[in-house]
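Residue numbers (this note's numbering): -14 to 97.
Structure representation (structure tokens):
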């Protein structure tokens, strides 16, 4: 029985330890470490070391694929969004007039 359980258990423990070390090497430390003026290898971690390049690559991917000019124009200039904005502005103005106890005739709203 022990010969059936022990190998997978040992494999799991070894895998956990190696994965933990790999993740720590990716994200830690955040700054380079030196011992007697000699740079310690793998410091800083890969992610902190390359965060500027990673951020630029992610920004480029988002701007090209998710939020390009066509998508923004189509979304921001849609009739549905314009109607929602008009409705929200109208509700806001009505609430402000109620707070100030002004009659609704003071609202100057232009319809297009």
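Note that the Cβ used here is the ideal one computed from N, Cα and C, for glycine as well.
Only a predicted model underlies this, so the values are computations on that prediction, with no experimental measurement involved.
To the nearest angstrom, how far is it from the Cα of residue -7 to the Cα of residue 9? Looking at the two C-alpha atoms, the distance is approximately 24 Å.
Could you give the DSSP three-state label for residue 25: helix, strand or coil? In the structure shown, residue 25 sits in coil (DSSP, three-state: anything other than H, G, I, E or B).
Could you give the residue range of the alpha helix (DSSP H) that holds residue 17? According to the DSSP assignment, residue 17 belongs to no alpha helix (DSSP H), since it is labelled neither H nor E.
Rounded distance between the beta-carbons of residue 26 and residue 15, thought under 8 Å: The C-beta separation of residue 15 from residue 26 comes to about 16 Å, leaving the pair out of contact by the 8 Å criterion.
Where does residue 52 sit, in a helix, a strand or coil, going by DSSP? Reduced to three states, the DSSP call for residue 52 is coil.
Within the continuous alpha helix (DSSP H) that includes residue 0, where are the two ends? Residue range -13 to 12 is occupied by the alpha helix (DSSP H) that includes residue 0.
Indicate the three-state DSSP secondary structure (helix, strand or coil) for residue 44 in the structure shown. Under the three-state reduction of DSSP output, residue 44 falls in the helix class.
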